[in-house]
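For the sequence shown, the numbering used here gives the first residue as 1219, with consecutive numbering after it. Note sheet for the following structure.
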Amino acid sequence: MLISLEISNFAIVNDLNIEWRDGMTAITGETGAGKSIAIDALSLCLGERADASAIRPSADRAQIVAQFNIQQLPKAQQFLKEHMLNNDEHDCILRRVISRSGRSKSYINGVSVTASQLKELGEYLIAIHGQHAHQLLLKTEHQLHLIDAYAGHTHLQTAVKNQFQHYQQLQREYSTLLKEQQAKAAQQQLLEYQVAELDEFSLEADEFKQIEEEQYRLSHSQTIINTCQQELMALYEQDGTTVLSQLQHSAQQFNSLTSVDSSLSNIAQLLEEAVVQVEEASREIRDYADQIDQDPLRLQEVEERLSKIMDLSRKHHVRPEELYEHHQSLKAQLDNISSDNARIDILEQEIAQTLSAYQQAAMALSDSRSQSAKKLQKLISASMDDLAMKHCKFAIELQPKPELRPNSEGFDAIEFLVSTNPGQPLQALAKVASGGELSRISLAIQVIIAEKVTTPTLIFDEVDVGISGPTASQVGKLLRKLGKSTQVICVTHLPQVACSGHQQFFVSKKVIKGETFTSMKPLEDAHRVDEIARLIGGESISETTRASAKELLAIQAA
1219 MLISLEISNF AIVNDLNIEW RDGMTAITGE TGAGKSIAID ALSLCLGERA
1269 DASAIRPSAD RAQIVAQFNI QQLPKAQQFL KEHMLNNDEH DCILRRVISR
1319 SGRSKSYING VSVTASQLKE LGEYLIAIHG QHAHQLLLKT EHQLHLIDAY
1369 AGHTHLQTAV KNQFQHYQQL QREYSTLLKE QQAKAAQQQL LEYQVAELDE
1419 FSLEADEFKQ IEEEQYRLSH SQTIINTCQQ ELMALYEQDG TTVLSQLQHS
1469 AQQFNSLTSV DSSLSNIAQL LEEAVVQVEE ASREIRDYAD QIDQDPLRLQ
1519 EVEERLSKIM DLSRKHHVRP EELYEHHQSL KAQLDNISSD NARIDILEQE
1569 IAQTLSAYQQ AAMALSDSRS QSAKKLQKLI SASMDDLAMK HCKFAIELQP
1619 KPELRPNSEG FDAIEFLVST NPGQPLQALA KVASGGELSR ISLAIQVIIA
1669 EKVTTPTLIF DEVDVGISGP TASQVGKLLR KLGKSTQVIC VTHLPQVACS
1719 GHQQFFVSKK VIKGETFTSM KPLEDAHRVD EIARLIGGES ISETTRASAK
1769 ELLAIQAA
């Protein structure tokens, strides 16, 4: 529940500190005094959009601090725990600061947070019903929201929403792939032709380098053979003087000199090693020359394949050594297009399955709504009798329409129907209900919903607009009854509703040196009688209106 509210430099409020109690609290005051300012400030503290124009003209910033007791609020406690904002106490303190620049800062238990986090936590703390709630009642989406709030089937709504989001995701992917498939149709034909041509040629990795070397070798085979034979003769096989015989002779000469000078032994050794190297080289030259293949047919094959490589390289605008990688890249692109086609087939199946799952979830939600609508219809009808609408009939028409396009709310079409006079058929609220009747129906629904949905603090901001007399008395009794189980704060201008409060605040304003100041004070017995008398008879308070006020307080408190 709300424990305290501090307001500084907000609108026409200079400094206001209010302590709140449980039960029903009525807020009254002069016209234009700012009875709803506390509610507006509280809404801002709960994450509503901040506006620098709300700052008091003489100040640089506005600040609102609200303190709540959350001992009996497990959802609020869980939120604080998940966001590491909890403290050791049962209290929770929210603070909102708005600067003249338009920027705002938000705090929960002294920790800086976002306005959206304030708003999320606020949903577990307070429900505010504004004076225009009856206008929302004419909108079908709001009517559906009321059914869901009364039913409390959040798990069913979540299931529908999740299935719808999954369905949307699959549809987006399917649409994207379909467009890409259409755009790639011509590309696919070209890729298929190119890949088939390169597949048929079947170029291997590094084959171009190898075949280029082979072609060069085959085309120069005679030159190689001639050179090998000439050099082999010179090194080893020629009659007479050869390189080998000369080296052998030199090695012998230096070996014989080592007996004269031992320092020449190194030269002799090098020459002996050279003899061995020449002999080895000669053997390898002979072996190599024997293996040289002068094959004109093979040369022709190699040159034809090399020519084909060059032709394909020019055709595909790549270098010959890049042709193999280019081929692999084209195959990968074609495989991707093929896999996209396969994914489209899979997506069609997944979309059908998800749509079926969505319809099942939506039907479960629809069944729950239907059961809750019947109960709510009876409760509203009974409450309307209490609100001086005895001859009115109320009905909720809820029709599942699976043929509707999937959405996050399910496929139910809803209409609140009313007949305000005997003999008249049930018709849509907008067609037959007056403003006063709408206000009463709206209030009845809000009280019923509030009794069903366990929000610790309920605020009614002039929801009694358009009613008076005995009806106002019944409204007051309804709110007082609600205040026994829930903290109720009600801004009102009706004496019957104000009398129903377990306590009452009076809002007034005064002008000092050209500045307007608003104050809000609790009323004790005598002052409360005077305020009720003022509401009954206007600014002129007489003993008669005081007596009426005392009587009204006694009746409503009974």
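By construction, the Cβ of each residue, glycine as well, lies at the ideal position given by its N, Cα and C atoms.
One thing to note: S1334 has its Cβ no nearer than 8 Å to the Cβ of R1279. With 16 or more neighbouring CB atoms inside 10 Å of its own CB, K1253 falls in the buried class. Here DSSP, grouped into helix, strand and coil, assigns F1612 to strand. Contact between the region 1600-1620 and the region 1689-1699 is present: three or more C-beta pairs spanning the two stretches fall below 8 Å. Take the alpha-carbon of E1425 and the one of E1540: they are about 11 Å apart.
Taking the Cα of L1482 as reference, the smallest distance to any Cα among E1491, Q1471, S1657 is reached at Q1471.
Counted as a single uninterrupted DSSP element, the stretch harbouring Y1454 is not any alpha helix (DSSP H), since DSSP gives it neither H nor E. Straight across, the Cα-Cα distance linking Q1433 with Q1456 is about 32 Å.
Inter-residue distance for E1497 and A1469 is about 14 Å (C-alpha atoms, whole angstroms). In terms of CA proximity to I1614, E1633 leads the group E1633, I1346, L1597. In summary, M1738 is buried, with 16 or more beta-carbon neighbours lying within 10 Å of its beta-carbon over all protein chains present. Just so you know, the alpha carbons of L1409 and L1436 end up roughly 36 Å apart.
Counting the other CB atoms within 10 Å of its CB gives D1513 a total below 16, which places it among the exposed residues.
G1247 is bridged by DSSP to V1725. Nearest in C-alpha terms to H1347, of all of L1741, I1707, Q1464, is I1707. Rounded to whole angstroms, the gap between the alpha carbons of A1582 and T1376 is 12 Å.
In terms of CA proximity to Q1464, V1494 leads the group V1494, Q1440, I1443, I1225. By the 16-neighbour rule on beta-carbons within 10 angstroms, S1420 is exposed. In this structure, the alpha-carbon of L1565 lies about 34 Å from that of T1358. With fewer than 16 other Cβ atoms from the protein chains shown falling within 10 Å of its own Cβ, V1729 counts as exposed. Contact between I1236 and S1226 fails: their C-beta atoms lie close to 12 Å from each other, not under 8 Å. Nearest C-alpha to I1344 among Q1383, V1378, K1323, E1266: E1266. Per DSSP, reduced to three states, the secondary structure at Y1434 is helical. Within the DSSP bridge table, the entry for E1224 names N1235, V1283 as partners. For I1485, the secondary structure class from DSSP, reduced to helix, strand or coil, is helix.
Of N1625, L1260, F1286, the smallest CA-CA separation from D1240 is found for F1286. Between the alpha carbons of S1758 and N1305 lies a distance of about 51 Å. When DSSP states are grouped into helix, strand and coil, M1528 belongs to the helix group. The beta carbon of L1364 is closer than 7 Å to those of I1663, I1667 in its chain, skipping five residues each way along the sequence. Under the 10 Å beta carbon count, T1704 is surrounded by 16 or more other beta carbons and is classified as buried.
A direct Cα-Cα distance of roughly 20 Å separates V1329 from A1259.
About 13 Å separates the Cβ atoms of L1530 and I1429, ruling out a contact at the 8 Å cut-off. Remark: C-beta atoms of A1251 and K1727 approach each other more closely than 8 Å. Distance between H1308 and I1288, taken at the CA atoms: about 6 Å. Sequence-distant Cβ neighbours of C1310 in its own chain, meaning closer than 6 Å and more than five residues away, are F1286, I1288.
The distance from the Cβ of A1244 to that of T1710 is about 6 Å, consistent with a contact at the 8 Å cut-off.
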